[in-house]
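First up is the structure itself, then whatever we jot down about it.
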Amino acid sequence: MLPHEDPSGEGHLARPSGSGCGRRPRYVSIVAELRRATAPGSPHPAAPPVELPAHLRSVRSLASGGSASVLLARDRRRGDHVAVKVLGVPADAGAVLRRIEREARALARVGEHPGVASIRGCGADRFGTLWIATSFVVGPTLVDRVRAGELLDGSEAADVLGSVADALAAVHGAGVVHGDVSPANVVLGRLGPVLVDFGIGGVDTDVGDHAWTPVVVPPERLRGVRPRASGDVWSAAATVQWATHPETGVSEQFRRIVERCLTVRPAERPDARAVATMLRR
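Below is the structure:
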């Protein structure tokens, strides 16, 4: 997961106000677990050592655990911050790096889509440790919203799913599959939802145990099928459903769209562009 907080360390942006997003009973244990695991002020373990290019200066660790770590770094060339995911040294490091580079080139064709965090660079240091730098988006993730007990209401859910579907339609059109759409990878940025963590779908890059994992993984992935665009659609719908309160204005149209996205047969799911179009009506 990428914690998308203010680079100054002063915390997240103010979350949307309102009392219409109370906790659901079945979410209480999840919220409690996430609060214990990511309590404010808990220091993250040091990130695995990695040598970054001279223009990237590591600022601090954002997250660490599992098989990957995340750093906040300053891009001296562009004068802004990037999130650097350190992937370690996978057995097939060369193949992984080549695939990330291909996806970065493909994503470049998408342009400056407001809902897509672009890949800013990737590489391997002299020890073979892989890293990938992406745009750093300030704002809470859907995990943060659930952790705070602020589940999405019906209107927010439709907006978030529509935005994520629009972003997926753009990247799918460029020949890229995300492969890891999840509550941790949807950031509620200043200008709207942003899908982050591109370039590593199918690579073991976990930074901890997540309560939502069984819910958002498409069934075909559990059978060993490689990531596909139809799986991204499943995960997007499951992700937003996971973060949505069922009794706060969820429309029947939204329920039907989500149900179609969660069809077990991948070929029967609408594509991302169709989902975005249906939610705009």
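Residue numbers for the sequence shown follow this note's numbering, so the first one is 43 and each next one is one higher.
All C-beta atoms in this analysis are idealised placements derived from N, C-alpha and C, irrespective of residue type, glycine included.
Here the structure is a predicted model, which is why all the values come from computation and not from measurement.
- Counted as a single uninterrupted DSSP element, the alpha helix (DSSP H) harbouring Pro261 occupies residues 261–264.
- By the neighbour-count criterion, in which 16 or more other beta carbons inside 10 Å mark a residue as buried, Val300 falls on the buried side.
- Runs of the alpha helix (DSSP H) lying entirely within the segment 139–193, each at least 4 residues long, are 184–189 in chain order.
- Listed in chain order, the non-local C-beta contacts of Ser177 below 7 Å within the same chain comprise Val124, Ala159, Ser160, Arg162, local neighbours out to five positions each way being set aside.
- The C-beta of Gln295 has fewer than 16 other C-beta atoms within 10 Å across all chains shown, which makes the residue exposed.
- Contact annotation: Leu113 and Val92 have beta-carbon atoms nearer than 9 Å.
- Residues of the same chain with a CB within less than 7 Å of the CB of Arg118, apart from the 5 flanking positions on each side, are His97, Arg99 in chain order.
- Remark: fewer than three beta-carbon pairs, one from each stretch, lie closer than 8 Å, so the segment 195–210 and the segment 259–268 are not flagged as touching.
- From the listed residues Leu237, Arg297, Arg315, the smallest Cα separation to Val223 is found for Leu237.
- Taking Val179 as reference, the option from Arg297, Val259, Ala226 with the minimal CA-CA separation is Ala226.
- In this model, Gly121 and Ala115 are separated by some 11 Å (Cα to Cα).
- Residue state for Thr281 is assigned as helix, using DSSP reduced to three classes.
- Counting C-beta pairs with one atom in each stretch, the segment 184–193 and the segment 207–222 have fewer than three that are closer than 8 Å, which means they do not touch.
- For the pair Leu184 and Ala285, the CB atoms are nearer than the 9 Å cut-off.
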